[in-house]
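Asker:
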Amino acid sequence: MDLSVEPLVNDKWAVSIPLMSYQKGAVIVQMLDDVIGPDRFQRLLRHYVRIYQFGVASTHDFLKLLRRVTKDMKTDIVEFFSVWLHQGSHPIVFIDYDKSLNRFILTQTPKMGSPEARWPIPIWTECVSGKRKPQLHWIPRNKQLVLDLDQLTGTNSSSGVAFNRKKTVYYQLSYRY
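Its first residue numbered 4, the sequence shown is counted upward by one per residue in our numbering.
Right, here's the structure in full:
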């Protein structure tokens, strides 16, 4: 069984859970922490431990708590996290740069498994000159993401842009420019 193709939530693993699942799970939980921020993440964990410390919790129970803690966010965090839990493989994010329009075009494809598989992908950009704070963007499941260079760098269009600087993500980046 190729574990990189298997989803984290998988009935086949009821008896023995492969090490790869723990590794993938840890990275996806860290990605969730980066997306919702440390305050919300701490609140989520406190609620979870308080409610289930002497009992059993399901994935559904965790997602209900996640919805409660992130209900004020613009992005549907439960949908984001659910896709990453229940869908196998992982995406490759292609970053192309259109020099004539000064913009980045980001698209995705699965590393392996179903060629139709897609994820809601968080990606952070940071202007290397420090003129702008890091920004979180979302690559939609079935669309490309277009980022104008001047919006990422402010007035300094010659500054470099870093993707996912100091972030933990469970996908590959492929720069094609």
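Yeah, the Cβ is synthetic: ideal placement off N, Cα and C, and Gly gets one too.
Since the model is a prediction, treat every value here as computed from it, not as a measurement.
In the DSSP assignment, what are the bridge partners of P125?
Answerer: Taking the sequence shown and counting its residues from 1, one reaches residue 125 at position 122. DSSP, once it has assigned bridges, lists W141 as partnering P125.
Asker: Taking 7 Å as the limit between beta carbons, can you name the residues of its chain near R71, skipping five residues before and five after?
Answerer: Numbered from its first residue, the sequence shown carries residue 71 at position 68. Excluding positions up to five away in sequence, the list is empty.
Asker: Starting from the Cα of W122, find the closest Cα among I31, I54, Y100 and give me that residue.
Answerer: Against the sequence shown, residue 122 aligns to sequence position 119. Comparing Cα-Cα distances from W122 to each of I31, I54, Y100, the minimum goes to I31.
Asker: Which residue marks the beginning of the alpha helix (DSSP H) containing F65, and which one marks its end?
Answerer: In the sequence shown, counting from the first residue as 1, residue 65 sits at position 62. Per DSSP, F65 belongs to the alpha helix (DSSP H) from 62-73.
Asker: When you compare the CB positions of T171 and M34, do they come within less than 7 Å of one another, or not?
Answerer: Numbered from 1 along the sequence shown, position 168 holds the residue referred to as residue 171. Numbered from 1 along the sequence shown, position 31 holds the residue referred to as residue 34. Going by C-beta atoms, T171 is nearer than 7 Å to M34.
Asker: In the DSSP assignment, what residue or residues form a beta bridge with F166?
Answerer: Indexing the sequence shown from 1 puts residue 166 at position 163. BP columns for F166 point to T128.
Asker: Measure the Cβ-Cβ separation of I39 and T73 and say whether it is below 7 Å.
Answerer: Against the sequence shown, residue 39 aligns to sequence position 36. Against the sequence shown, residue 73 aligns to sequence position 70. Yes, the Cβ-Cβ distance between I39 and T73 is below 7 Å.
Asker: For the segment 49-63 against the segment 134-143, do three or more pairs of beta-carbon atoms, one drawn from each stretch, fall closer than 8 Å, so that the two count as touching?
Answerer: No: fewer than three Cβ pairs fall under 8 Å.
Asker: Taking only the alpha-carbon atoms, compute the straight-line gap between K102 and V149 and give it to the nearest angstrom.
Answerer: Indexing the sequence shown from 1 puts residue 102 at position 99. Indexing the sequence shown from 1 puts residue 149 at position 146. The straight-line gap from Cα to Cα measures roughly 13 Å.
Asker: Thinking C-alpha only, which one of R179, F57, Y173 is nearest D37?
Answerer: Along the sequence shown, one-based indexing puts residue 37 at 34. It is Y173.
Asker: Under 7 Å Cβ to Cβ from R106, same chain only, skipping five residues before and after it: list those, please.
Answerer: As a working mapping, residue 106 is identified with position 103 in the sequence shown. Once the five neighbours on either side are set aside, the close Cβ partners of R106 are V149, L150, D151, L152.
Asker: So S85 is in the alpha helix (DSSP H); what residue range does that whole segment cover?
Answerer: Numbered from its first residue, the sequence shown carries residue 85 at position 82. Counting along the chain, the alpha helix (DSSP H) containing S85 begins and ends at 80-89.
Asker: If we ignore side chains and look at the alpha-carbon of each, how far apart do L104 and K114 end up?
Answerer: The residue given as residue 104 occupies position 101 in the sequence shown. The residue given as residue 114 occupies position 111 in the sequence shown. So the alpha carbons of these two residues sit roughly 29 Å apart.
Asker: Please work out which residues of its chain come closer than 6 Å, Cβ to Cβ, to F97, disregarding the five sequence neighbours upstream and downstream, and give them in chain order.
Answerer: Here residue 97 is taken as the residue at index 94 of the sequence shown, counted from 1. Only T110, S177, R179 meet the Cβ criterion.
Asker: Considering Cα atoms alone, identify which of A120, N167, S132 is closest to L139.
Answerer: Mapped onto the sequence shown, residue 139 falls at position 136. The candidate whose alpha carbon is nearest that of L139 is N167.
Asker: Taking the alpha-carbon of P137 as reference, which of Q147, A120, A165 has the nearest alpha-carbon?
Answerer: Taking the sequence shown and counting its residues from 1, the one referred to as residue 137 is at position 134. Taking only the C-alpha atoms, the option nearest P137 is A165.
Asker: Could you pull out every residue in the same chain whose Cβ sits closer than 7 Å to the Cβ of L69, ignoring the five residues on either side in sequence?
Answerer: The residue labelled residue 69 in the question sits at position 66 within the sequence shown. Once the five neighbours on either side are set aside, the close Cβ partners of L69 are L47, I80, V81, F84.
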